[in-house]
Amino acid sequence: MKKQVKLKATETVATNSDFYNLFRPIVPSIDVIGKVAQVVSGLTEAVTIWYITQSEMADVSKGISIVISILAMILVVAILELGGRKFLQVLTRAIVWKRLQNTWYIALFTIVAAITIGMGVLSFRLSTNGIHHAFVSNVPVAQTFDASSLKNEYRISSDAIAARFKNDLDVIKANHTEVVTSTRDQYNARIKTYEVKAETYDAKFKDGHAWAKSQADKYRKTAVKLETEKTTAISKLQSDFSRKIDKHQKQKNDAIAAEKNDISKSIEKEETAMLATQQSKHKDAEFWGSLFSFFVGFSVLLAFVCIISVEVFRRGSGIKVEYEEENQDQPILSIFLNGLSTRFGSFFRRKAENFAGISATSSSIGRGQIGFNYRDSIATNQHKDVPPSGHIQNLEIK
């Protein structure tokens, strides 16, 4: 069975009673504040890791993405917060107690300092940027105004305007046709009258009345003049009709354009209102995100300062932290897993031996004669308290 040990930390008695009595009342509060600040830092780091993993695994199954996100949150927070606290404590003790005695001390101190600085910067960035992103990303995505109802209203209005102007146009056309027909009929009737008179005088001229020729020519000229007047009058009526049609079309286009302009202004007004609302929400999110980002950043720095302050207090008071190893029983879960693994291996080994036709006795003799029996050799050559070779001592530092 594996032998496990854990480190037990003990504090020595304070040697500087004046310093100890002066700062001892506030040190517990400093320690609690530092731990609370670390909790705040850890929670914001967890939020950042959650957003990162969820966004990167958007196409993955929801259950898998949640499990991976939770594992990532636990690992990152444990490394940065628990590891950062331990590393910073060791660095502070090395400095305040002036333990950098030789090259090996300095080398390991430099390595630990580099790791601690990296974890500190990463913790600060994850906490501050993550909480700011959490606020801003929760602002609903800007949506364009749904103008379908207004556009439908515009189509209905346009159709109504077009129908009204079509009716007006039909009336104008009917009136024009009536006036043209009436004018043509009037002129044709008058022309017919003069032509009949001219024919009458032509007949008298043929009968020998010479004076009748001049009368026939006079009436015929009058008929020709009326024909010209008829053409001119009808042309004028056509020109007036064209102007009315153009005016009517312009009024129709202006009415539709005015309706379209009103609808466009309504749509623009609604879109402007929605944009203003969106900008207001984004501005609020930026404000609160920046405010909480500052608070979280201050909490991260406060945690570092509190950890250092506790170690400075111990140094000023002359309190040393000493560690000693204690035996620790192997966890029940570990024993269960080892037993399960052994039984699982033994079961399949027996199955394989039976399949190969190897007896248990011969196989055990063979195993005893070939190679090295590590467990027996270790048991006879090592102290009874030392665990067998191949087992690693698990150290738990508290």
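Be aware that the sequence shown starts at 2, since it is given in the working numbering, and climbs by one per residue.
No residue lacks a Cβ here, since even glycine has one placed at the ideal position from N, Cα and C.
Fair warning: this is a prediction, and the values are worked out from it, not measured in the lab.
Note that the C-beta distance between S149 and E46 is not below 9 Å. With contacts defined as CB atoms closer than 9 Å, F24 and S318 qualify as a contacting pair. Using a C-beta cut-off of 8 Å, the stretch 90-98 makes contact with the stretch 308-322, since at least three inter-stretch Cβ pairs fall below that distance.
Around the C-beta of E82, 16 or more other C-beta atoms lie within 10 Å, and the residue is accordingly described as buried. Residue pairing by DSSP places T13 opposite no residue, since no beta bridge is assigned to it. For a cut-off of 8 Å, the C-beta gap from Y202 to L227 is around 17 Å, too long to register as a contact. Residue state for K7 is assigned as strand, using DSSP reduced to three classes.
Residue pairing by DSSP places Y324 opposite A10 in a beta bridge. Residue burial is scored here from C-beta neighbours: G131 has at least 16 other C-beta atoms within 10 angstroms and is therefore classed as buried. Shown here, S62 sits in coil according to DSSP, grouped into three states, outside any helix or strand. Taking 9 Å as the cut-off, the Cβ atoms of E326 and K87 do not count as close. Counting along the chain, the unbroken alpha helix (DSSP H) around V37 starts and ends at V28 to E57. I333 sits exposed, since fewer than 16 C-beta atoms from the chains shown fall within 10 Å of its C-beta. For W51, the CB contacts under 7 Å within the same chain, skipping 5 residues up- and downstream, are S70 and M74 in chain order. If you draw a 10 Å sphere on the C-beta of A199, you find 16 or more other C-beta atoms in it, and that means buried. Between N168 and the set I31, F305 and I246, the nearest pair of CA atoms involves I246. A direct Cα-Cα distance of roughly 15 Å separates I268 from T278. A contact between stretches requires three or more CB pairs, one per stretch, nearer than 8 Å, and the stretch 53-71 fails this requirement with the stretch 26-35.
Taking a contact as a CB-CB distance under 8 Å, the pair A224 and T184 does not count as one, their CB atoms being some 16 Å apart.
Counting of Cβ neighbours within 10 angstroms places Q39 among the buried residues, the total reaching 16 or more. Contact between F206 and K193 fails: their C-beta atoms lie close to 20 Å from each other, not under 8 Å. In the structure shown, D160 adopts helical secondary structure according to DSSP, grouped into three states.
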